Amino acid sequence: MEERLQKILANAGVASRRKCEDLITAGKVTVNGKVVTELGIKADPAVDVITVSGKAIKQETKIYMMFNKPKGVITSVSDPKGRSVVTDYLKEVKERLYPVGRLDYDSEGLLLLTNDGDLAHKLTHPSHHVPKTYHATVERVPHGSALEKLAKGIKLEDGITAPAEVEYHDIDPEGKFATIAITIHEGRNRQVRRMFDAIHHPVTRLKRISFGGLFLNNLQRGKHRKLTKDELEKLREMAEGIKLPSAQDKE
1 MEERLQKILA NAGVASRRKC EDLITAGKVT VNGKVVTELG IKADPAVDVI TVSGKAIKQE
61 TKIYMMFNKP KGVITSVSDP KGRSVVTDYL KEVKERLYPV GRLDYDSEGL LLLTNDGDLA
121 HKLTHPSHHV PKTYHATVER VPHGSALEKL AKGIKLEDGI TAPAEVEYHD IDPEGKFATI
181 AITIHEGRNR QVRRMFDAIH HPVTRLKRIS FGGLFLNNLQ RGKHRKLTKD ELEKLREMAE
241 GIKLPSAQDK E
């Protein structure tokens, strides 16, 4: 079956779909010996010979992993500064895996990795509103009215945030800190941290506990596991825009 070339490359684990588009426009891709530079070209991976930088691609077995990312690890497959990256923790996995979305350097928790570029693209596309739940430990205890602002949407430098689900998870008896459970449906850069900065309660620790209805549960920090059949089915439903029940803390 014919598909867009960038989708074929992403599904083969070459790179993310966006990076595959860059490879095509840079003239690095050939189909049946002919260099292709247009993004609209389609091909059939079962029939056509497709190469990237002179090497023929192969359809890899699709792998779907959940990883509990530690703080101080880069959400990438490589880092020019030599810092630890998420794939350092999955060296025994033969297939090339790529993170689904991002967790910043100072954040920890649930990160999905896969070589299924099509699913990854859908899960991170803004139109699908995939829920992501975090435990944000912040300085002092925010007043309920401040959390209501986050729930309704708060103005940031790149626009007003979409409504969020916000509730207290843990409160320090001395009022020095609080841990807030917050579920968002967007993927802006450092969004949760910026939301709490906007109400003057900076985040001191940020952990993602859920993505797309999947939960970390007892997965230890720095460890990974394959998704179950049911988990993968739930993700695919989410990727197709089917609304699932709100995420609840299952830790």
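For what it's worth, the UniProt record's numbering labels the leading residue of the sequence shown as 1, then goes sequentially.
All C-beta atoms in this analysis are idealised placements derived from N, C-alpha and C, irrespective of residue type, glycine included.
Keep in mind the model is a prediction, meaning the values are calculated, not measured.
Counting only runs of 4 or more residues that sit fully inside the stretch 101 to 153, the alpha helix (DSSP H) segments are 117 to 124 and 144 to 152, in chain order. Ranking L23, I74 and Y64 by CA distance to the CA of D116 puts Y64 first. H224 is bridged by DSSP to F67. Contact annotation: F215 and A136 have beta-carbon atoms that are not nearer than 8 angstroms.
For T30, the uninterrupted beta strand (DSSP E) segment begins and ends at V29 to V31. Within its own chain, the residues whose Cβ lies closer than 7 angstroms to the Cβ of M66, once the five positions on either side in sequence are excluded, are L110, L112, L214, L219, H224, R225 and L227, listed in chain order. When C-beta atoms of the stretch 75 to 90 are compared with those of the stretch 30 to 41, fewer than three pairs fall below 8 angstroms, so the two segments do not count as touching. A residue is called buried once 16 or more other Cβ atoms fall within 10 Å of its Cβ, and V138 is buried on that count. Per DSSP, the continuous alpha helix (DSSP H) segment holding V192 begins and ends at Q191 to A198.
The beta carbon of T61 lies closer than 7 angstroms to those of E95 in the same chain, with the five residues before and after it left out. Between P45 and G222, the gap from beta carbon to beta carbon reaches 8 angstroms or more.
If you look at K234, you'll find it in the alpha helix (DSSP H) that goes K229 to A239. In this structure, the straight-line span from the alpha carbon of S16 to that of D172 is close to 42 angstroms. Listed in chain order, the non-local C-beta contacts of K28 below 8 angstroms within the same chain comprise V52 and S53, local neighbours out to five positions each way being set aside.
Residue environment: P99 is assigned as buried (16 or more neighbouring CB atoms within 10 Å of its CB, all protein chains considered). A contact is defined here as three or more CB-CB pairs under 8 angstroms, and the stretch 117 to 126 fails this definition with respect to the stretch 197 to 207.
The three-state reading of DSSP puts A10 in helix, counting H, G and I together.
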